[in-house]
Amino acid sequence: MRPALLALAFALLFPALALACSCMRSSPTEAAARSTAVFEGRVVELTPIQREGEVTLEGGCLDPACNESLSETTHQAAFSSFAVRFEVTRQWKGVESESVVVHTARDSAACGFPFEVGQDYLVYASAEQDGTLSTGLCDRTALVADASEDLAALQGPGEVPVDVHQDEPADQEPSNEPPARGGCASCATGGASTAGLFPMVLGVLFALRRRR
Numbered sequence: 093m094r095p096a097l098l099a100l101a102f103a104l105l106f107p108a109l110a111l112a113c114s115c116m117r118s119s120p121t122e123a124a125a126r127s128t129a130v131f132e133g134r135v136v137e138l139t140p141i142q143r144e145g146e147v148t149l150e151g152g153c154l155d156p157a158c159n160e161s162l163s164e165t166t167h168q169a170a171f172s173s174f175a176v177r178f179e180v181t182r183q184w185k186g187v188e189s190e191s192v193v194v195h196t197a198r199d200s201a202a203c204g205f206p207f208e209v210g211q212d213y214l215v216y217a218s219a220e221q222d223g224t225l226s227t228g229l230c231d232r233t234a235l236v237a238d239a240s241e242d243l244a245a246l247q248g249p250g251e252v253p254v255d256v257h258q259d260e261p262a263d264q265e266p267s268n269e270p271p272a273r274g275g276c277a278s279c280a281t282g283g284a285s286t287a288g289l290f291p292m293v294l295g296v297l298f299a300l301r302r303r304r
């Protein structure tokens with residue numbers, strides 16, 4: 093009984109250690125081989141994902157600032173992960189668009205990666221059963237500033253992603269505007285008209301002289 097009480101006391105006094113994420117990180121080459129997507133990008137949006145099977149917080153708000161009665165602990169318990177949207181600057185594997193969403197657990201105890209909006213990251217992500225991408229502390233995902241070893245190990249400098257869903261520009265429609273006055277076309281038309289009137293004028297003058 094006493095060991096169980098000691099373990100419980102330890103968990104209560106040191107929750108960060110008791111719930112810490114534990115994993116063995118692989119090398120950059122191994123991490124890239126088992127990942128579905130490897131890319132560098134900037135975080136532009138963090139969206140909390142509601143825990144499956146739970147109701148939303150009072151008032152339907154996930155932000156504790158909108159309901160002062162909700163504590164930060166209650167707020168965190170309302171969701172289990174974040175959807176992190178990136179603007180991709182270059183990719184080595186599995187990314188074909190300039191924007192990609194990756195999921196991560198809500199805190200480091202669950203091996204979630206602490207992404208921050210506006211920061212640049214090298215991301216190793218794996219596909220889940222539902223097709224979404226996910227990453228965490230065990231996947232060698234890191235700030236670009238801390239990923240020099242990985243960037244050196246990855247094959248080549250990476251490629252700029254091309255959005256295969258981007259619509260191609262529509263063909264330019266022909267202009268319906270009338271031709272401008274003047275210019276070579278107008279000169280040619282005017283010259284042809286004058287040349288046609290000249291013989292007629294000569295014929296009229298010749299007929300008038302004969303009548304006299």
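The sequence shown begins at 93 in the numbering used here and counts up by one. Beta carbons: idealized from backbone N, C-alpha and C, even for Gly.
Inter-residue spacing [alpha-carbon to alpha-carbon] between residue i and residue j
{"i": "Leu225", "j": "Asp238", "result": "22 Å"}
{"i": "Val209", "j": "Gly186", "result": "23 Å"}
{"i": "Ala129", "j": "Val135", "result": "16 Å"}
{"i": "Glu137", "j": "Val193", "result": "9 Å"}
{"i": "Gln183", "j": "Ala112", "result": "31 Å"}
{"i": "Asp212", "j": "Val252", "result": "15 Å"}
C-beta atoms of residue i and residue j nearer than 9 Å
{"i": "Ser191", "j": "Val176", "result": "no"}
{"i": "Phe178", "j": "Ala197", "result": "no"}
{"i": "Ser218", "j": "Ser127", "result": "yes"}
Exposed unless 16 or more other CB atoms sit within 10 angstroms - verdict on residue i
{"i": "Arg232", "result": "buried"}
{"i": "Gln221", "result": "exposed"}
{"i": "Gly133", "result": "buried"}
Contact belief for residue i with residue j at Cβ below 8 Å, rounded distance in angstroms
{"i": "Glu241", "j": "Pro120", "result": "6 Å"}
{"i": "Ala201", "j": "Leu214", "result": "Contact flag wrong, Cβ pair sits at about 23 Å."}
{"i": "Phe205", "j": "Leu243", "result": "That belief does not hold up - the Cβ atoms of Phe205 and Leu243 are roughly 18 Å apart, past 8 Å."}
6 Å Cβ shell around residue i - same chain, five flanking residues per side excluded
{"i": "Ala124", "result": "Val130"}
{"i": "His195", "result": "Ser173, Ala175, Thr224, Ser226"}
{"i": "Cys115", "result": "Cys230"}
Residues near residue i by beta carbon distance below 8 Å, same chain, minus five either side
{"i": "Glu122", "result": "none"}
Close Cβ partners of residue i (< 7 Å) along its chain, the five nearest in sequence each way excluded
{"i": "Ala245", "result": "Pro120, Thr121"}
{"i": "Cys203", "result": "Cys113, Cys115, Ala197, Gly228, Leu229, Cys230"}
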